[in-house]
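Numbering of the sequence shown is given in my numbering, commencing with residue 1 and proceeding in unit increments.
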Amino acid sequence: MDTSQYLSMFLEECMDNLQTLNEALLQLEQEPNNVDKLNEIFRVAHTIKGMAATMGYSNMAELTHKMEDVLSKFREGELKVTEKVVTILFQCLDTLENMVNNISEDRGESIPIDELIKSLEGLHNSREELQNEVAASLSSGSSDEKNEDRGLSLLNEYELNVVKQAQEKGYNTFDVVVTISPNTLLKSARAFLIFKNLEEQGEIIKSVPTTEELENEAFDLDIELTYITNSDKDKVMKELMGISEVDKVAITELKSMISQKEALHNTKLAEPSKNQVEKGNPSVIKSKGIEEKGTKEHKDVAVQKKSHQSVRVDLERLDKFMNMVSELVIHRTRLEQISTSYKMGELNETLEQVARTTFELQDLVMKIRMLPLDVVFNRFPRMIRDLSVELDKEMELIIEGQDTELDRTVIDEIGEPLIHLIRNAADHGVEAREKRIAQGKDPVGKIRLIAYQEGTKAVIKVEDDGSGINVKRVKEKAEKIGINTEGMSDNDIRNLIFMQGFSTNEEVTDISGRGVGMDVVKTKIASLGGTVDVMSEEGKGTSFIIRLPLTLQIIQALLVKVGTETMAISLGYIDRVIDFKPDMIKKTNQKEVMLYRGSVIPFTRVGKRMGMDENSGNYGKKYVVIVKVGEKTAGLLVDSLLGQQEIVIKPLGKTLHGLKEYIGATILGDGLVTLILDAAAML
1 MDTSQYLSMF LEECMDNLQT LNEALLQLEQ EPNNVDKLNE IFRVAHTIKG
51 MAATMGYSNM AELTHKMEDV LSKFREGELK VTEKVVTILF QCLDTLENMV
101 NNISEDRGES IPIDELIKSL EGLHNSREEL QNEVAASLSS GSSDEKNEDR
151 GLSLLNEYEL NVVKQAQEKG YNTFDVVVTI SPNTLLKSAR AFLIFKNLEE
201 QGEIIKSVPT TEELENEAFD LDIELTYITN SDKDKVMKEL MGISEVDKVA
251 ITELKSMISQ KEALHNTKLA EPSKNQVEKG NPSVIKSKGI EEKGTKEHKD
301 VAVQKKSHQS VRVDLERLDK FMNMVSELVI HRTRLEQIST SYKMGELNET
351 LEQVARTTFE LQDLVMKIRM LPLDVVFNRF PRMIRDLSVE LDKEMELIIE
401 GQDTELDRTV IDEIGEPLIH LIRNAADHGV EAREKRIAQG KDPVGKIRLI
451 AYQEGTKAVI KVEDDGSGIN VKRVKEKAEK IGINTEGMSD NDIRNLIFMQ
501 GFSTNEEVTD ISGRGVGMDV VKTKIASLGG TVDVMSEEGK GTSFIIRLPL
551 TLQIIQALLV KVGTETMAIS LGYIDRVIDF KPDMIKKTNQ KEVMLYRGSV
601 IPFTRVGKRM GMDENSGNYG KKYVVIVKVG EKTAGLLVDS LLGQQEIVIK
651 PLGKTLHGLK EYIGATILGD GLVTLILDAA AML
């Protein structure tokens, strides 16, 4: 069968399913008794196995099958959810992700899995050894006690709960061992009769072997059952001995010693690491609004979601659609200008209709391109969990506003800077447990990832309650590499960490500290038309604030004249426009500044900055455009204002890519190509 036509769908489904497994496994580690979450993990793993087998990827199918074996041990209560087991399963997920990436890059699935399979099988072996220990520890005492202990040791927590509740309601609970005759020809039929007889007067809670093994006759002669009934022991015995080919029946009452045995049972199976005994699980993940997924409300939402239908669309097609809508906006603006120039009043009504339709169309296509930040944020809980183990620190990740939407282009690019900021917070921000306790802090370090919309911008904050940025060390490092910090505020000094190769960390670690991170973060965010600022208080923590445009395609802009040139400035950056008066301008440290609302802010003559003749326009009256980028405010001097207009951002291309003062260009209604100033770069 030719499966190539399904490859793209297979890869997308696999990545979605692997992310679901990452999140579910992380939650299961926090809530080991969450049966719904366990069933979800099992179901998704089974889906991946089936898809991989259908597509002919045998290694993927084999690895997922071995994972299923371990997950089924969880479900049967034969294996406990511990840090060690979860870590191995996470390694499996990472390997599966690498396989999917290799397949998408046409390199096949060739990744060695022998060691992982050995690790997974080792979990089974350790379980068998544990059962032997339990059996040996219970070897003393009367035969009834041994049988009772053995019967209880077969039950998982859910089954023990059922037995306890049955006892509280006055039912009899028995461990029943039935031995059938060696001469039996159809053992499965005999097992069926045993079950049928018992279920007529009670309920079977557990069967060893399982019903599937009994049906396939994959057992010897003994069948052990946990049985709840109103009948007494003698009546059950009589019923079973009345079945032909039943050689022997042993019935032991499961007395109300369950709580004691359950404690022993759970203690022996839990296998806690030394780390967990001393301080609990090192990683706690919270996400506002998604902590109670098991509630009725969430189930109702899930049911509603099923009614919505969706279709996968190639991003390239959406980009083409967006470009066509952008061209439509340009031609609409051109028509409006022609109508105004030639005073063609009869066109106005039609143009208004066209304007409404194109606005709705561009709004729709922009919404289609928008994705919630959740698709980026969902990888971080797993990352924090791994860093907690690696750095031996207790950390809590708190996520807020993951439903804030951004353009798909921005979403694709923002992941890398956020990864670096979060790793930096974990490595350099959050202190070790002992140090935090000594400082009177909560032993568990808090890292917050917060997103929200602010006007035409999306704001993302990465905050920690760690040690903060040491201004003195930053200043010393700056002066060491020849930066004059005289007259700089503490906040300006902190922002020096974004300079290329700047790092105060002397020790290079695998997590961070190579001095190549923060400048990459700033460059990447600037390339998306965004800004990043840092605020910090020593001993209290650090906050990185990223501001990004919601979309990179169509924006509202103010058109201005600078000399003889027309330029555009995004309204998202503009605070207000004021008349220019020469006495506003002062000089300090050879730089021009101006007074604005009681504060001194930087002042830039845009014409001079761009190398133009300042007198080429001769406009007389001039204006100062006050722009605000993050926490910084500045004044930009322009010669004239041409009004507000919706513009389409076009990239400058490879030749002009190095011009950092511009974020792109646009085509106006009269066909004029106009440059769009980058207010962030001007600051």
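Using N, Cα and C, we set each Cβ at its ideal position, and we do this for glycine too. Here the structure is a predicted model, which means the values were calculated and not measured.
Distance between Thr-210 and Lys-80, taken at the CA atoms: about 20 angstroms.
Using a Cβ distance threshold of 9 angstroms, Ser-244 and Ile-223 do not count as a contacting pair.
Burial is judged here by how many other beta carbons sit within 10 angstroms of a residue's own beta carbon; Lys-235 has fewer than 16 and is exposed.
Taking the Cβ atoms as the reference, Asn-172 lies roughly 7 angstroms from Ser-231, within the contact range of under 8 angstroms. The C-beta separation of Gly-345 from Lys-457 comes to about 39 angstroms, leaving the pair out of contact by the 8 angstroms criterion. If you look at Phe-42, you'll find it in the alpha helix (DSSP H) that goes 35-55. For His-428, the number of other beta carbons within 10 angstroms of its own is at least 16, and it is reported as buried. A direct Cα-to-Cα measurement between Leu-397 and Arg-448 gives close to 6 angstroms. Thr-655 and Phe-90 have their C-alpha atoms roughly 45 angstroms apart. Contact check for Tyr-452 against Thr-404 passes: the beta carbons are separated by less than 9 angstroms.
Contact annotation: Asp-464 and Ala-432 have beta-carbon atoms that are not nearer than 9 angstroms.
For Phe-544 and Leu-387, the gap between their C-alpha atoms comes out near 20 angstroms. With a 10 Å radius around the Cβ and a threshold of 16 neighbouring Cβ atoms, Asn-22 comes out buried.
CA-to-CA, the gap between Glu-538 and Asp-490 works out to about 11 angstroms. Residue range 518-527 is occupied by the alpha helix (DSSP H) that includes Asp-519. CA-to-CA, the gap between Asp-69 and Gln-27 works out to about 20 angstroms. If you look at Ser-8, you'll find it in the alpha helix (DSSP H) that goes 7-30. In the DSSP assignment, Ile-204 is bridged to Tyr-227. About 6 angstroms separates the beta carbons of Ile-676 and Tyr-662, which is inside the 8 angstroms limit, making them a contact pair. Taking C-alpha positions only, Pro-549 is separated from Ile-88 by approximately 40 angstroms.
Annotation for Leu-677: the continuous beta strand (DSSP E) segment containing it runs 673-677. The straight-line gap separating the alpha-carbon atoms of Gln-30 and Val-462 is approximately 23 angstroms. The beta-carbon separation of Ile-204 and Tyr-227, rounded to 6 angstroms, stays under the 8 angstroms limit for a contact.
Per DSSP, the continuous beta strand (DSSP E) segment holding Ile-569 begins and ends at 565-570.
Judged by DSSP in its simplified three-state form, Phe-192 adopts helix. Bounds of the beta strand (DSSP E) holding Met-594 are 591-596.
Within the same chain, and ignoring the five residues on either side of Ser-119 in sequence, the residues whose Cβ sits closer than 8 angstroms to its Cβ are Ile-88, Gln-91. Ranked by Cα distance from Leu-225, the options Phe-192, Arg-605, Gln-165 are led by Phe-192. Thr-229 is a Cβ neighbour of Gly-202, given a cutoff of 9 angstroms. Taking every protein chain shown into account, the CB of Ala-189 has fewer than 16 other CB atoms within 10 angstroms, so this residue is exposed.
Where Ile-113 is concerned, there is no enclosing beta strand (DSSP E), because DSSP gives it neither an H nor an E. Taking 9 angstroms as the cut-off, the Cβ atoms of Ile-525 and Met-499 do not count as close. In the DSSP annotation of this structure, Arg-107 is not part of any alpha helix (DSSP H), being labelled neither H nor E. For the pair of segments examined, the segment 64-78 was found to touch the segment 34-50: the number of CB pairs separated by less than 8 angstroms reaches three.
In the DSSP annotation of this structure, the continuous segment of the alpha helix (DSSP H) that includes Ala-438 starts and ends at 433-438. Remark: C-beta atoms of Gly-401 and Leu-421 do not approach each other more closely than 9 angstroms.
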